[in-house]
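Residue numbers (the working numbering), protein chains in the order written: chain A, 1 to 268; chain B, 1001 to 1268; chain C, 2001 to 2278; chain D, 3001 to 3278; chain E, 4001 to 4314. C-beta: ideal position from N, C-alpha, C; glycine also. Just so you know, these numbers come straight off a predicted model, no measurement behind them. Below: one structure, written as structure tokens.
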Amino acid sequence: MTPVLALERVSCTFLSRDDPSGRYTAVCDTTLAIGEGEFVAVVGPTGCGKTTLLNVAAGLLKPSTGTVTVLGRALGGINTRAGYMFQTEALMPWRNTIGNVVAGLEFRGVAREEALERGDAWLARVGLTGFGKRYPHQLSGGMRKRVALAQMLILNPQILLMDEPFSALDVQTRQLMENELLELWSADRKSVVFITHDLEEAISLSDRVVVLSAGPASHPIGDYTIDLPRPRDVAEIRLTSRFIEIHTKIWRAMKEEVLKGYAQQQRQ
Amino acid sequence: MTPVLALERVSCTFLSRDDPSGRYTAVCDTTLAIGEGEFVAVVGPTGCGKTTLLNVAAGLLKPSTGTVTVLGRALGGINTRAGYMFQTEALMPWRNTIGNVVAGLEFRGVAREEALERGDAWLARVGLTGFGKRYPHQLSGGMRKRVALAQMLILNPQILLMDEPFSALDVQTRQLMENELLELWSADRKSVVFITHDLEEAISLSDRVVVLSAGPASHPIGDYTIDLPRPRDVAEIRLTSRFIEIHTKIWRAMKEEVLKGYAQQQRQ
Amino acid sequence: MPSSKDSRAGGGRLRLRAFQALLFVLLVVIWYVLTSPTLLPPIYFTEANQAAFFFGEPVKVFARLWQWFVSGEIYEHLWVTLVETLLAFLIGTVSGVVIGLWLALSPTASAVLDPYIKAVNAMPRVILAPIFFVWFGLGIASKVALGVTLVFFIVFFNVYQGVREVSPVVLANARMLGASPRQLLRHVYVPSAMSWVFASLHNSVGLAFVGAVVGEYLGSAKGVGYLIHQAEGFFDMNTVVAGILLLSAFALLLDWAVGLAERRLMVWQPRTIETERT
Amino acid sequence: MPSSKDSRAGGGRLRLRAFQALLFVLLVVIWYVLTSPTLLPPIYFTEANQAAFFFGEPVKVFARLWQWFVSGEIYEHLWVTLVETLLAFLIGTVSGVVIGLWLALSPTASAVLDPYIKAVNAMPRVILAPIFFVWFGLGIASKVALGVTLVFFIVFFNVYQGVREVSPVVLANARMLGASPRQLLRHVYVPSAMSWVFASLHNSVGLAFVGAVVGEYLGSAKGVGYLIHQAEGFFDMNTVVAGILLLSAFALLLDWAVGLAERRLMVWQPRTIETERT
Amino acid sequence: EKKDVHVAVGGKASLYYLPLTIAEQLGYFKEEGLNLTISDFAGGSQALRAVVGGSADVVSGAYEHTLNMQPKGQYLQCFVQQGRAPQIAIGIVTAKAKEYKSPKDLKGLKVGVSAPGSSTHMILNHFISTGGLKPSDISVIGVGLGATAITAVKSGQVDAVSNTDPVMTKLEQDGDIKIIADTRTLRGTEQVLGGPMPAGCLYAPVDFIRKNPGTVQALTNAIVRADKWIQSASPQDVLRTVPESYLLADKALYLFSFNKVKEAISPDGVISDAGARTALKVIPTFNPEVKAKEIKLELTYTNEFVKRANAKYK
Ligand SMILES: Nc1ncnc2c1ncn2[C@@H]1O[C@H](COP(=O)(O)OP(=O)(O)OP(=O)(O)O)[C@@H](O)[C@H]1O
Ligand SMILES: Nc1ncnc2c1ncn2[C@@H]1O[C@H](COP(=O)(O)OP(=O)(O)OP(=O)(O)O)[C@@H](O)[C@H]1O
Ligand SMILES: [Mg+2]
Ligand SMILES: [Mg+2]
């Protein structure tokens, strides 16, 4: 089976504009394949290159070497099959909440009426009914994140690229959102790449957890299959013993890596 | 003893510029006092008004009603005794990492040499040695957060206002930072207001956890004293039974509140 | 998150207007005193009535304005100038926005054309006027063309820069949401560059008037610039000043309209945060 | 996070220059063909040599330029014009930045002065020239003043808007870090408004030249504008065009210097992300 | 034949073009069946350009330009005259007037002209050549035709000035200058230029005249009538006839100037051959591009229309 999204031996070296000799290899020789309906969580120390990888997968950044294939075809420009929820704020500040949520539908030419209707439904799903008329700067950080979530999910993309989507949410809201996401995902076999710093979240949501090494020249150092039964409730599954077992295993691997990376950065 | 920072019956009602009748009361009738050397964590559902309260405490936002006093004196303009780590990105994009870190020292007229030396030391403390010449847009999300942390802490302010400072960091780095913060705090009796969504983090760091109700018209609905012994190691303390006890207690109170808030927003 | 410093209530607005009016009166009084041959010993000029020769006298200027409107003689000229100005403003703005967008978005074209645009901008319009007369005749069109050459560049340079200042993340987000290049233009580049456009429009308003008047001044049979030119021939400074004041008033009117549009289109901007104060 | 689309390697740069040169040659050829009385049947004009009368003839224009430099006769005029232009550019820019900052940061002053600034901007400079001559004499100063009135407003409007576009969070952060108002200005407002300033400078360069030449055109004893004016009296279009071309070349030079400063000062900007490509 | 005629003039309000204004005000053009548009330009050369470029049909301007234009391959023909003297005066500032005896005393002085290369410059050059000076012996400053010229004199930026009315009259009245050469009068013109010289004319491309003889005749008729009207008019008549806006600033000044230049206004519109020859003598010394031998003087003017007009309006 061809994977839905495949990064093959991808490296990314950033140049600095002012100093042509100054280069930084964020990601080196990374291979990553996501199958149909697979939910892959990516974890790794801060600054290791997770966002960079996601940008490559989205077609926003051309890797220095290596190839990206989507459904078997090499990715030329933007990855049109993917929805991307950015780590940084990416809402259009000149559109209010509902306008941001329906933006993608509008771009696809969906009739205004229908778009607004679906937009309202999505606002409700992310708990923002009544905030449709606000502009981004009038929302709290967590609200903006939820708007971005709705903005992406309303388009029902086949591949979801999510960069720390829930880190700005309180635990309860986060669980609600996680369940929402799982429901959506299981309904039509989406492929998900989910970046998080919360190992519990990673394990409770995904089929596979990929651990990246510390930068520079980050690459996957672990690939753990999560064999917890589906469907899952993200709050309950954390209490199972299998969960704790997996958690401890990955945790140990990561801890080492982070300390190594931390030392590495300090030495530089 | 007069509290170092006191919000007295503070309410904040936002007006919308385009529609003068459209108003939103984010925070209503909130009283909060932080004593000398006290570490207060504030938790609450997303969008409840935590950032708003912090802005009020920093003197960046005038409350609609109520007063703010710092060391017994009413706060007029900016709260000069406080350092504020913003939830959103607030680095000066035109300064590189080291430039951002030493900005406060520069404003205070510290000699360049000395400032750079202290800046380098701080970069090392937040694990960013070697990244001094990068501009903010060349850093990862977590790196930018750490720069902001160093930028604030280098000034050694008496009051620390921190808005989800560690949410973009991986667990291990986060624990390193948390310990760093505790060390600094215990060394010279700083007063800290610490906003987080991570209840475990809140409990493991603080003397008191304040729980806010869901918005609109948010206000404190719980104030829990954390009687865990000091000094603490944030990783180890989570495993003690007293910790788990407190956690369960607060958790239950919050869960109710969040669900209520969520329902409320959806009904609006 | 600055505090609500410059939120202005109704009372403040009134006070502001009063201030402005006061300043206006003050200026007129100073003008009167300085140009009145008898009131003061000559300061700057050696002769008593030389100041009046250069700056006109307020009483006569206002009399002139009054008489223009009472006799109705001004309307035809004013109409011509206003039409020229508005056309120059509109054509200059639209072409500046369109070409600014185009060049900002096609790096090759912009790299090739860049020196030409800058060279053309450095050409003195006054000297090019005869060529405009050849191309566009002596009527309204040539004045509009002159105004366009002033307005266009102002708008162009700002749009060009404004587009390049678009937040890369917002842009990437819109692309991921499936925006076509055309939709990116309409839904990302244009709104993002909007405050740049408005900054340039406030400047353009003035220069559109300048273009029209200078065009008329250089050769015309009608318009306020024509009146000014006629008056200058006989050192009738009062009429010259009256004409300039009249146009300034209309420039303020047009600028007010631009400001209105700006406030409507820019509501989304995070300026100052307004909390209710009691 | 757009891809590395317009990163240009050395080869691309060379090709670009070649393109520009080609375009230049093409334009000159078109100019030559259209103005040569014998090459073509008259198209636009009814008479064969009318085109040459308005646009000059390239061969004669370049001969003129050549002769100017060979005989050395141009240097004194060019020097005067360049000095005027540079002074106008500098004074206009500095005053525009300073007053722009001041008004953007003091809402009351800006609200009161706003209509006056806009009204003054709408005044036709050419008509005000006599007043400049009274105040500043017929020498360099009056031309500088004229240029300043053009440059100032361009810079002013952009600085004014640029300051108001400062990110509220960055501003709040700097205030929390203890920046005094003065430091806010220097470390937040100015760098943040920098790209606005540069956008206006690219425009100002051209208008500084326009101001100097028009000033010379209206009354002077030296300068390229004087030469142009003199040539116009003899209907010597070749000299007029030669003068304009000469100034355009210098405008490009000055603009290049501005671009250099821009690239140095704006390295921090997140434009396109460059990954190494092999 | 064109009924809608577009006339270009540089400085319409000037007395130089008084016959045009009079003919317009008295409706002579209408009576000839013409529908006239008069566009006013910042200067005479701009007006000429408008005609060459085809946006106007006829120039009301200085005769000498018909000579200037021939080397450019532009054949313009003057068909009726408004003024018979250049109406340019040269004055020296009062402070220097005492030391001034003859043109050669101008050596080394700063002299203001309306524009370098213009008629005021030409007359000045010719004037100093009568004192044996070369053009390079004085420094020439362009000071414009209006308030700037006055400023230049009053603020002491020039030592002498060559300009037209009303600038010269104004300066004279204010006592700022003493006139040293005056082509506003026939005698003065004779002195400076060695003969009469046609000044304000109506001229048009030869082609236009050939194709529209009727129109040209009508224009000529109107101007000749105006010429004649002025000869017989009292100053009050003139004041009553010119547009009010000409008089707004200073009625006395206007009147004073009018009296001064009245004799320079052509009585019958006829261009004298002597005048044309003076121009041919003067201009090549100033504009080296105009070579006297190559000029087809007969193409530069025609009295054919004026003769008929004079026959019609005695
Ligand atoms: N434009 C750029 N120029 C130079 N270096 C860059 C650029 N963008 C990113 N980097 C570097 O690449 C590395 C990886 O960055 P990336 O944003 O992918 O990290 P991340 O894994 O997403 O981290 P975080 O968890 O903090 O978000 C970092 O060291 C960063 O400094
Ligand atoms: N400028 C504003 N205008 C109108 N409403 C605002 C404005 N700023 C904030 N709000 C509203 O005030 C409420 C509280 O916002 P605040 O940012 O304080 O929330 P928060 O508790 O920090 O949430 P989060 O955890 O998501 O950061 C939100 O409902 C938000 O929409
Ligand atoms: Mg990241
Ligand atoms: Mg917040």
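is_contact[Gly3178(D), chain B] using C-beta, thresh 7 Å: yes
Name the one or two DSSP bridge partners that Thr4164(E) has. Ile4088(E)
Can you check which of these residues, Val4005(E), Val4080(E) and Tyr4313(E), is closest to Trp4229(E) by C-alpha distance? Tyr4313(E)
Express the C-alpha separation of Leu182(A) and Leu155(A) in angstroms, rounding to a whole number. 16 Å
Exposed or buried, which one is Ala3052(D) when buried takes at least 16 other CB atoms within 10 Å? buried
Against chain B, which members of the region 167 to 187 of chain A pass a CB distance test of less than 8 Å? Ser167, Ala168, Leu169, Asp170, Val171, Gln172, Thr173, Arg174 and Leu176
What residues in the region 1045 to 1063 of chain B have a beta carbon less than 7 Å from any beta carbon of chain A? Pro1045, Thr1046, Gly1047 and Thr1051
Got a sec: does ligand 2 put a non-hydrogen atom nearer than 6 Å to the Cβ of Gly1142(B)? In this structure, Gly1142(B) has its beta carbon at no less than 6 Å from each heavy atom of ligand 2.
Cβ closer than 9 Å: which chain E residues qualify as neighbours of Glu3076(D)? Within chain E, no residue comes near Glu3076(D); the closest Cβ sits about 12 Å away, beyond 9 Å.
Can a CB atom of chain C be found closer than 7 Å to the CB of Leu3016(D)? yes
Scan the region 3183 to 3199 of chain D for residues whose Cβ lies nearer than 8 Å to a Cβ of chain B and list them as they occur along the chain. Along the region 3183 to 3199 of chain D, the positions whose C-beta sits under 8 Å from a C-beta of chain B are Gln3183, His3187, Val3188, Pro3191, Ser3192 and Met3194, read in chain order.
Grab me the residues of Asn4163(E)'s own chain with a C-beta within less than 6 Å of its C-beta, minus the 5 sequence neighbours each way, in chain order. Ser4114, Thr4120 and Ala4149
Bridge partners for Ala33(A) per DSSP, in chain order? Residue pairing by DSSP places Ala33(A) opposite Ala6(A) in a beta bridge.
Relative to the alpha-carbon of Arg108(A), which residue among Leu2247(C), Leu2014(C) and Arg2182(C) has its alpha-carbon at the smallest distance? Arg2182(C)
So the candidates are Arg2125(C), Pro2107(C), Asp2114(C) and Leu2022(C); which of them puts its Cα closest to the Cα of Tyr3217(D)? Per the Cα distances, Arg2125(C).
Going along the region 3220 to 3248 of chain D in order, which residues come within less than 8 Å of chain C, judged by CB to CB distance? So the list reads Gly3225, Ile3228, Glu3232, Val3240, Ile3244, Leu3247 and Ser3248, given in the order they occur along the chain.
Just checking, does the region 3138 to 3153 of chain D make contact with the region 3081 to 3096 of chain D on the three C-beta pairs under 8 Å criterion? Flag = yes, the region 3138 to 3153 of chain D and the region 3081 to 3096 of chain D touch.
In chain E, what lies closer than 9 Å to Val2134(C) by C-beta? Arg4049, Ala4050, Val4052, Gly4053, Gly4054 and Ser4055
Where the region 2147 to 2166 of chain C meets chain D: residues whose CB sits under 7 Å from a CB there: Those residues of the region 2147 to 2166 of chain C that come within reach of chain D (Cβ to Cβ, closer than 7 Å) are Phe2153, Ile2154, Phe2157, Asn2158, Gln2161 and Glu2165.
Using Cβ-Cβ distances below 8 Å, what residues of the region 4163 to 4187 of chain E are close to chain C? Residues of the region 4163 to 4187 of chain E with a C-beta less than 8 Å from any C-beta of chain C: Pro4166, Lys4170 and Asp4174, listed in chain order.
Hey, is Gly1142(B)'s beta-carbon within less than 7 Å of any beta-carbon in chain A? yes
Under 8 Å: do the region 4059 to 4075 of chain E and the region 4296 to 4309 of chain E share three or more Cβ pairs, one atom per stretch? yes
Mind reading off the beta-carbon distance from Ser3204(D) to Thr3093(D)? Whole number of angstroms is fine, and I expect it under 8 Å. Contact flag correct, Cβ pair sits at about 6 Å.
Excluding five sequence neighbours on each side, which residues of the same chain lie with their C-beta closer than 7 Å to the C-beta of Ser3003(D)? With a pLDDT of 35 at Ser3003(D), under the threshold of 50, the modelled position of that residue is not reliable, and no figure is offered here.
Can you find a C-beta in chain C that's less than 7 Å from the C-beta of Phe107(A)? yes
In chain A, which residues lie with their C-beta within 9 Å of the C-beta of Leu1199(B)? Going along chain A in sequence order, the residues near Leu1199(B) (Cβ under 9 Å) are Asp170 and Val171.
With 7 Å set as the bound, which would you pick, yes or no: does the beta-carbon of Pro3115(D) sit closer than that to a beta-carbon of chain B? No - not a single Cβ of chain B is within 7 Å of the one on Pro3115(D).
Where Phe3235(D) and Val4143(E) are concerned, what is the direct C-alpha to C-alpha distance, given to the nearest angstrom? C-alpha separation (whole angstroms): 19 Å.
Name, please, each residue of chain C whose Cβ falls closer than 8 Å to the Cβ of Val3112(D). Leu2016, Phe2019, Gln2020 and Leu2023
Confirm the yes/no value for this check: CB of Thr1248(B), any heavy atom of ligand 1, distance under 6 Å. no
Just reading off the alpha helix (DSSP H) that Ser4245(E) is part of, what are its end residues? Glu4244 to Leu4247
Does Arg3125(D) come within less than 7 Å of chain B when only Cβ atoms are used? no
Counting only the same chain and skipping the five closest in sequence on each side, list residues whose C-beta sits under 6 Å from that of Ala3231(D). So the qualifying residues of the chain are Thr3239 and Val3240.
Just list the residues that DSSP pairs Phe2089(C) with in beta bridges. BP columns for Phe2089(C) are empty, so no partner.
Taking 7 Å as the cut-off, decide whether the C-beta atoms of Thr97(A) and Gly132(A) are in contact. Yes.
State the Cα-Cα distance for the pair Leu3138(D) and Ala4152(E), rounded to the nearest angstrom. 7 Å
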